[in-house]
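Using the numbering used here, count along the sequence shown one by one with no gaps and you end on 218.
Encoded as structure tokens, the structure appears first; notes follow it.
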Amino acid sequence: MTQKVFITGANRGIGLALARKFVVNGDQVFATARKPDDAVELKALRSAGLTILKLDVADKDSIASSVAALSVHTDSLDVLINNAGVNPKGAQSFDQIEAETMMETFRVNIVAPLMVVKGFVDFLKNGTNPRIVNISSQMGSMAWQTHGGAYAYSPSKSGLNMVTRSLAADLKPFGITSVMMHPGWVQTDMGGANASLTIEESAEGIFAVVAGLSEADNGAFYDWNGDSRPW
């Protein structure tokens, strides 16, 4: 069965790789980018059934515009993947961290995914086995964090996890499954060239996990390969 899939931050990295995976699977993909004209690789997928929507996830007017744009194409979504996020380079140690860095990271990594879900929830209510997948990180795991630092990024992903748990409870009556996923340490601009996973390996794993999600998984925190991630 063809799925309708919405992916934020799909102009590069894991988001782009996931868009390719769903397109190859024959799904109808709605992929977002802040600057669609610059998303060369994403535009190459349009002939295969992908639609690009302009979206800055941290801008409420942009979210409203993308909701209106999506409604031209469909009234339902089966999968929403909140992939867009930031990890400020440097300046996250105890000595260097600034309030402004933390607040901007929280705005993009915690608040924005929730606002995206609020904007598109009616589409999910009309979907088949509707699933929300929030791309988190092991760095949001309190059990994992024992070495200090990452004062902006780690709390932002912990916050996203809590948002996801709340969504799992609030949207359960509508049959919507909400999960968070650690994509692994991936060779992206954020993960760096020495990371242990290629982008394709991470996307392949996430794609497989998403395909198998059901209401029994609601509120879970998974690794890219489907293993449970400790809180």
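Glycine included, C-beta positions come from ideal geometry on N, C-alpha and C.
Continuous beta strand (DSSP E) stretch holding residue i: start and end
i	result
residue 185	Where residue 185 is concerned, there is no enclosing beta strand (DSSP E), given that its DSSP letter is neither H nor E.
residue 164	164 to 169
residue -8	-9 to -6
Minimum C-alpha distance to residue i - residue among the options
i	options	result
residue 167	136, 157, 205, 184	205
residue 165	196, 186, 202	202
residue 172	122, -7, 199	122
residue 154	29, 214, 105, -7	105
residue 77	136, 19, 17, 62	136
residue -11	13, 157, 41, 113	13
residue 119	38, 194, 75	194
residue 41	26, 159, 198	26
residue 149	127, 29, 184	127
residue 16	61, 22, 48	61
residue 199	52, 162, 116, 189	116
residue 6	31, 110, 131, 59	31
residue 82	138, 91, 129	138
Backbone secondary structure at residue i - three-state DSSP
i	result
residue 123	coil
residue 118	strand
residue 107	helix
residue 195	helix
residue 69	strand
residue 30	helix
residue 17	strand
residue 189	helix
residue 91	helix
residue 75	coil
residue -3	coil
residue 96	helix
residue 81	coil
residue 102	helix
residue 22	coil
Host alpha helix (DSSP H) of residue i (start-end)
i	result
residue 62	No alpha helix (DSSP H) holds residue 62; DSSP gives it neither H nor E.
residue 50	47 to 58
residue 10	0 to 11
residue 151	140 to 158
residue 38	That residue, residue 38, is in no alpha helix (DSSP H); its beta strand (DSSP E) goes 37 to 41.
residue 133	Residue 133 -> no alpha helix (DSSP H), and no H or E assigned at all.
Residue(s) in a DSSP beta bridge with residue i
i	result
residue 209	168, 215
residue 173	184
Cβ-based neighbour list, residue i, same chain, cut-off 6 Å, excluding 5 preceding and 5 following
i	result
residue 192	211, 212
residue 35	10
Own chain, CB closer than 7 Å to residue i, minus 5 neighbours either side, in chain order
i	result
residue 103	-5, 44, 50, 69
residue 152	206
residue 187	4
Spatial neighbours of residue i in its chain, beta-carbon cut-off 8 Å, leaving aside the 5 residues before and after
i	result
residue 96	72, 73, 140, 143, 144, 146, 147
residue 107	-7, 54, 57, 64, 67
residue 98	45
residue 33	39
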